[in-house]
Ligand code: 26M
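Laid out in structure tokens, this is it:
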């Protein structure tokens, strides 16, 4: 009975068409005669949504009935992208829809293309959360995502005169994938005061009163698993003024303006995603967002637990909460507050429950990204929580003091409160103290946090509290959906598409690397994917690129540590090299297309300069008749999930070139290799494990190692820093004005020459250029190149987010999948 809902489907294309027409004519109240692509998208989505809802309800009922341990993934970001294509594929009815739509005169790609991305995230951290939801559902885990329902997702990027311009992303005009639950609301308190009241037996209770109330309203998004009826729930909270539309008391008193202002202030909380990635700025509204979302989610989780009427000591047997970075760390404090202040548990008993419930995932070692909040701000906004934080810190420091009686300095170093001016709450420390496991997201990164930023905590808790779970990506979206032809080819050769649920099965491909016919089919698909990207490039930039050229791609958030500047300096070097050649010599060169994409945080001036330089170089190089097809430089505007689905399958080589030790993992590196592209990269993040899996002859590694970075930086600042001569030539060309006003680029040059070259651009430049020469050489031998790609794909099984989720389940959450009844 369980399985049936899923298998029912539409009863063929005619059944699907009937449903589509019904939605156009009734739900949308339109006639089929004026059904445009937007309406066809809406109706198709509604038809698929109907299919999902049945499974969704069944899943929720089954989970409630079984009452097994649930996993709650708390993330301020879920970078979901589009839902329709994913729903079609996960339900397994895309072909039906394609046939039906085609009969009605539509191309399915055009219909899918009507959907706005759900872009509720910045980059890697948000996309990881989305991949995890897909794996949790596909593996039949009983799991919920909790996030914020931003009215505006990450801004849209336009490029005007080579500069980034931000445009608001109002994405909710029509969103069939969310279900408002006006009956699921939580009142969230801010500000106010704490009063202590004496109770029986000299017990004191804290009462938090006054301040203001904002209402959280739940919006639920179904998360279908692949080829299973499990459909989990992503619950996003939206903020609303409490007491309905606006305060009628004030309204009736004639204070209309202030009642509207109150309403708007409340709604502002969930209005916009903060567009910073790896930068902490300490804004009050951000802290409000964090508490609003954390408090609503915990209230919901506790309410669900209480329904089962179990004793509190069983809480952590029923509930695992994973903190996606420190953004939800207040959840630790909030649960302690609920247990002690509201449920009346003793501090120690409550704290045991809390620490057994939480796990914390760290995503960065960059000091500027570590969250800290001024004590005064926390005091003002959340007075009771600050008291609890101080108490947590007190007990923690007492324990440390006992453990290290002769070490005064360690107390200062590990204190949750930084004794600076102003004092700060160190959120990562709070997260560590309040969790039973702390994990990094790739081996190198997990080692680094243990030896650098969290070193003292390893001494205190021992090494077992710290663990590694290397990131992964969902092969459903990042292979099957983004690269359907490659997915089909693989399925046809290795006996079906089981690999989509067990990616290690790809290893059956390995022997085919030597098969000439197979290599030919493989290359044809890569070429077709490059044609598809070339078309997008033409549409978005007007530049024509040759799909036969080597496509060299770097798409990710723009950040100095990710070193897009190294890439563009390398491109300039290539341009100068080509210009210096005779026409005959030039003819022998391999044509290249250098593609960049990514958003700069609006306040990150240097990142915006880098975008400008890329565009400035592009407008010179792309219009140079000496160069022609030998080099094109493209900046693709508004990189997002749906564009990534077109870009990723089209790369020959992609760039993952962060300064060693700075990129926690990276996940696009995995996406590119899984789609049959090779990578050039540093020994950083998951590149290291990718190398181990696919073999070091299948990857182009270059540059200094993480262990040498500190010494090199020190030498730049206190010794001498000689700039690489080839890089100097690049700088001189920029200073000549070849790419426009030299002054525009002087800061990027100065960062290397005069400001200590913190990201080691000059140190790695030579090695980078030499390695690109190896790439060119290797690409000339297409047979070998394609064989490398096939072997690499065959060995990528480890990087599925399914493997990753299974590791979390076993080593952190202690949960097992809910076997689906058939
Ligand atoms: C912080 C404060 C205020 C506003 C925003 C933030 C903030 C938002 C996102 C800080 C960091 C954010 O994301 C960091 C991130 O995306 N980290 C990446 O996580 C990936 C998944 O683990 C890794 O693969 C990347 O290496 C890592 O950079």
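Numbering (the UniProt record's numbering), first residue to last: 69 to 890.
From the three backbone atoms N, C-alpha and C, an ideal C-beta is built for every residue, glycine too.
Just so you know, these numbers come straight off a predicted model, no measurement behind them.
Distance from the C-beta of residue 504 to the nearest heavy atom of ligand 1 is not below 6 Å. The nearest non-hydrogen atom of ligand 1 is 6 Å or more from the C-beta of residue 93. It is roughly 33 Å from the alpha-carbon of residue 149 to the alpha-carbon of residue 521. C-alpha of residue 836 to C-alpha of residue 613: approximately 24 Å in a straight line. Annotation: residue 735 is outside any beta strand (DSSP E) and is labelled neither H nor E by DSSP.
By the 16-neighbour rule on beta-carbons within 10 angstroms, residue 179 is buried.
Between residue 110 and residue 202, the alpha-carbon positions lie close to 23 Å from each other. If you check the C-beta of residue 345 against ligand 1, you find a heavy atom less than 6 Å away. Around the C-beta of residue 332, fewer than 16 other C-beta atoms lie within 10 Å, and the residue is accordingly described as exposed. If the five residues before and after residue 422 are omitted, its C-beta is found closer than 8 Å to the C-beta atoms of 400, 403, 404, 407, 502, all from its own chain and listed in chain order. If you look at residue 619, you'll find it in the beta strand (DSSP E) that goes 618-623.
Under DSSP, residue 216 takes part in a beta bridge, and its partners are 305.
Within the stretch 131-209, the alpha helix (DSSP H) runs of at least 4 residues that lie entirely inside it are, in chain order, 152-159, 162-171, 176-180, 192-206. Excluding residues up to 5 positions away in sequence, 155, 159, 290, 292, 299 lie with their Cβ nearer than 8 Å to the Cβ of residue 120 in the same chain. In this structure the stretch 128-144 does not touch the stretch 168-184; the number of beta carbon pairs closer than 8 Å is below three.
Within the chosen limit of 6 Å, ligand 1 reaches the beta carbon of residue 193 through at least one heavy atom. Around the beta carbon of residue 717, 16 or more other beta carbons lie within 10 angstroms, which makes this residue buried. When DSSP reads this structure, residue 291 sits in a beta bridge with 300.
The straight-line gap separating the alpha-carbon atoms of residue 451 and residue 279 is approximately 10 Å.
Straight through space, the alpha carbons of residue 825 and residue 793 are spaced by roughly 15 Å. In the DSSP assignment, residue 724 is bridged to 749.
Annotated as distal: residue 444 and residue 379, with beta-carbon spacing of 7 Å or more. Scanning 273, 841, 294 for the CA closest to the CA of residue 413 turns up 273. In this structure, residue 733 has its CB closer than 6 Å to one or more heavy atoms of ligand 1.
Setting aside the 5 residues that flank it on each side, residue 676 is surrounded in the same chain by 231, 232, 668, each with a C-beta closer than 7 Å to its C-beta; the list follows chain order. With contact defined as three or more Cβ pairs closer than 8 Å, the stretch 798-814 and the stretch 848-856 are not in contact. With a cut-off of 8 Å on Cβ pairs, the stretch 743-762 is in contact with the stretch 504-521, counting three or more such pairs.
DSSP lists no beta-bridge partner residue for residue 331. Distances from the CB of residue 321 to the heavy atoms of ligand 1 are all 6 Å or more. It is roughly 38 Å from the alpha-carbon of residue 678 to the alpha-carbon of residue 244. Sixteen is the threshold: when 16 or more other Cβ atoms of the shown chains lie within 10 Å of the Cβ of residue 153, as they do, the residue is buried.
Of all C-beta pairs linking the stretch 179-196 to the stretch 250-262, fewer than three are shorter than 8 Å, placing the two stretches out of contact. Beta-bridge annotation (DSSP): residue 427 is paired with 390, 505. With 16 or more other Cβ atoms from the protein chains shown falling within 10 Å of its own Cβ, residue 747 counts as buried.
Residue pairing by DSSP puts residue 253 in a beta bridge opposite 285. Counting C-beta pairs closer than 8 Å gives fewer than three between the stretch 687-696 and the stretch 710-730, which falls short of the contact rule.
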